[in-house]
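All remarks here apply to the structure that follows.
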Amino acid sequence: MGENMNTALEKLQAQVRDLSLGEGENKTNIPFVTAWRFTRGKIEMPKTENPYLYLVLDGMLRLYTPSGMLDYMAGQYSVSKIDTPLFGSVLAFSRQQDFLALSVEFTVHDVITAVLALDNDLTERIAGEAMKEQEMAASDRAVPESVYRLFSVRKEKVWSEFLRKNTMQEVIYYILCGSCGKQFLQSIAAIGQAEEIYQANSWIKENFRSSFTVEELAEQRNMSVSLFHQKFKSAVGMGPLQCQKRLRLTEARRLMLDEKKNVTEASLEVGYESLSQFIRDYRKMFGAAPKEDIRSSLTDRAINPDSPAG
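The opening residue of the sequence shown carries number 9 in this note's numbering; numbering runs sequentially from there.
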């Protein structure tokens, strides 16, 4: 991390700790900005339909997503997409024995406004993955600095909604130019085109252990099965049952890694009725049978405890 980012992060940590923080969610006096503090290992993620930035301030976080497990240390951030995880795990606590983060929620309008204000060639470079690595790295470093400026708005002698909105646009700009830019751009387009799908996807994330059919989901949204499936796949990148399967398998892997469940216990807990089917699906997704994969992951973790998990 660069010196400026370290300075901004340290100042941001200090400002957030100056607040009277309770366990979990802590509203700030800046609209759409929330401080999070946890002293327990398993944490909840923000529950909102809007996209948001989640910046780790102190400690180390692991997020569980349908695509796998991702680790974040202080100064790093994630950007929610339509398949945002519902929870994470603290891998390392701060010196104060807690985990500290800040979330910044955006409306789709906020992001679209920022995208429309970009130079056309910049938008094309982001969408076409033509940004240089050093440009993306510099933008990623600038995100905490921008969030610090946004958080500092609350200390201005004269409160200015104009200043807040413009600083928010700066935060979005650096996210778009950073390593998450293309995915963020695609997710906003998907959300804008699929508002009716969003609630269905949220329902799946909360009920993935239960059995359901695509016909039932389509009926909930008053759509034909073919139209619902087409819109869902376009917005989320996979079909609803595939989404359910990935959620089940990711959660089962977490149960075996973090809670020491055996293969049978994990498969039953996430909703599988057939152990053989669970093993086949697991091998297809993770490239190895459950016992082999977990044994290998635990060995890697013991040898390299600080290395990111796959």
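Every residue, glycine too, gets a C-beta built ideally from N, C-alpha and C.
Measuring alpha carbon to alpha carbon, tell me which residue in Glu31, Ala82, Tyr181 is nearest Lys50. Counted from its first residue, the sequence shown places residue 50 at position 42. Of the residues Glu31, Ala82, Tyr181, the one whose Cα lies closest to the Cα of Lys50 is Glu31.
Ignoring anything shorter than 4 residues or poking outside the segment 226-302, list the alpha helix (DSSP H) runs there in chain order. DSSP assignment within the segment 226-302 yields the following whole alpha helix (DSSP H) runs of 4 residues or more, N-terminal first: 233-244, 248-266, 271-277, 283-294.
Cα separation between Ser305 and Ser232? Taking the sequence shown and counting its residues from 1, one reaches residue 305 at position 297. Taking the sequence shown and counting its residues from 1, one reaches residue 232 at position 224. Cα to Cα, the separation comes out at about 43 Å.
Rounded to the nearest angstrom, what separates Thr175 and Ser147 at their Cα positions? Your numbering for residue 175 matches position 167 in the sequence shown. Your numbering for residue 147 matches position 139 in the sequence shown. Near 15 Å, if we compare the C-alpha coordinates of Ser147 and Thr175.
Determine the closest residue to Gln207 out of Asn230, Cys188, Phe192, Arg291, with distance taken between C-alpha atoms. Here residue 207 corresponds to residue number 199 of the sequence shown, with the count starting at 1. For Gln207, the nearest C-alpha among the options comes from Asn230.
Give the straight-line distance between the Cα atoms of Phe40 and Gln177, rounded to the nearest whole angstrom. In the sequence shown, counting from the first residue as 1, residue 40 sits at position 32. In the sequence shown, counting from the first residue as 1, residue 177 sits at position 169. Taking the straight line joining both Cα atoms gives about 13 Å.
Per DSSP, what kind of secondary structure is Ser187 in: helix, strand or coil? Within the sequence shown, numbered from 1, the residue matching residue 187 stands at position 179. DSSP places Ser187 in the coil class of the three-state scheme, outside both helix and strand.
Which same chain residues end up closer than 6 Å to Cys185 when comparing Cβ atoms and leaving out the 5 residues on each side of it in sequence? For this step, residue 185 is matched to residue 177 along the sequence shown. The residues Ser147, in chain order, have a CB closer than 6 Å to that of Cys185 in the same chain once the five nearest residues on each side in sequence are set aside.
Classification of Arg288 by the beta-carbon crowding that lies within 10 angstroms, buried from 16 upward: Looking up residue 288 in the sequence shown gives position 280. With fewer than 16 other Cβ atoms within 10 Å, it is exposed.
Please name the residue, chosen from Tyr80, Gly76, Ile302, that lies closest to Tyr62 on a Cα-to-Cα basis. Looking up residue 62 in the sequence shown gives position 54. Nearest C-alpha to Tyr62: Tyr80.
Using only alpha-carbon positions, find the residue among Val161, Glu273, Ala150 that is nearest to Ser187. As a position in the sequence shown, residue 187 is number 179, starting the count at 1. Closest by alpha carbon: Ala150.
Exposed unless 16 or more other CB atoms sit within 10 angstroms - verdict on Asp66: Sequence index remark: in the sequence shown, residue 66 carries index 58 (1-based). Asp66 should be labelled buried.
Presumed contact (8 Å Cβ cut-off) between Val119 and Thr131, rounded CB distance: By one-based count along the sequence shown, residue 119 stands at place 111. By one-based count along the sequence shown, residue 131 stands at place 123. Their Cβ separation, rounded to whole angstroms, is 12 Å, which puts Val119 and Thr131 out of contact at 8 Å.
In angstroms with no decimal places, state the Cα-to-Cα distance between Asn14 and Gly83. Here residue 14 corresponds to residue number 6 of the sequence shown, with the count starting at 1. Here residue 83 corresponds to residue number 75 of the sequence shown, with the count starting at 1. Distance between the alpha carbons of Asn14 and Gly83: 8 Å.
Can you tell me whether Lys35 is buried or exposed? The criterion is at least 16 other CB atoms within 10 Å of its CB, across all chains shown. For the purposes of this step, residue 35 is taken as residue 27 along the sequence shown, with counting starting at 1. Under a 10 Å Cβ-count criterion, Lys35 is classified as exposed, with fewer than 16 other Cβ atoms of the shown protein chains found around its own Cβ.
Close-in-space but distant-in-sequence residues of the same chain around Met264 (CB under 8 Å, 5 per side omitted): On the sequence shown, position 256 is the one that residue 264 refers to. Cβ within range, chain order: Asn270, Val271, Ala274, Pro298, Ile302.
Supposed contact pair Pro54 and Gln42 - C-beta distance, whole angstroms, cut 8 Å: Locating residue 42 in the sequence shown gives position 34, where the first residue counts as 1. Locating residue 54 in the sequence shown gives position 46, where the first residue counts as 1. Note that residue 42 is Thr in the sequence shown, not Gln. Confirmed, about 7 Å.
Cα-Cα separation, Ala317 to Ser168: Residue numbering aside, residue 317 sits at position 309 when the sequence shown is read from its first letter. Residue numbering aside, residue 168 sits at position 160 when the sequence shown is read from its first letter. Note on Ala317: pLDDT 45, under 50, position unreliable in the model; the coordinate value appears next. Each residue's Cα considered, the two are about 42 Å apart.
Proximal residues to Ser210 (C-beta, below 8 Å), its chain only, five neighbours per side dropped: The sequence position of residue 210 within the sequence shown is 202, counting from 1. Result list for Ser210: Glu57, in chain order.
Would you kindly report the start and end of the unbroken alpha helix (DSSP H) that includes Ala43? What you label residue 43 is simply residue 35 of the sequence shown in a count that begins at 1. No alpha helix (DSSP H) contains Ala43, which is instead part of the beta strand (DSSP E) from 41-46.
Presumed contact (8 Å Cβ cut-off) between Leu110 and Val155, rounded CB distance: Indexing the sequence shown from 1 puts residue 110 at position 102. Indexing the sequence shown from 1 puts residue 155 at position 147. Right, the Cβ-Cβ distance comes to about 6 Å (below 8 Å), so this counts as a contact.
Just verifying my parser: in three-state terms, what is the DSSP assignment at Met9? Along the sequence shown, one-based indexing puts residue 9 at 1. Since pLDDT at Met9 reaches only 46, below the 50 mark, its modelled position is unreliable, and no value is offered.
Looking only at DSSP bridge pairs, what is Thr73 linked to? Working through the sequence shown from its first residue, we reach residue 73 at position 65. DSSP lists Gly76 as partners of Thr73.
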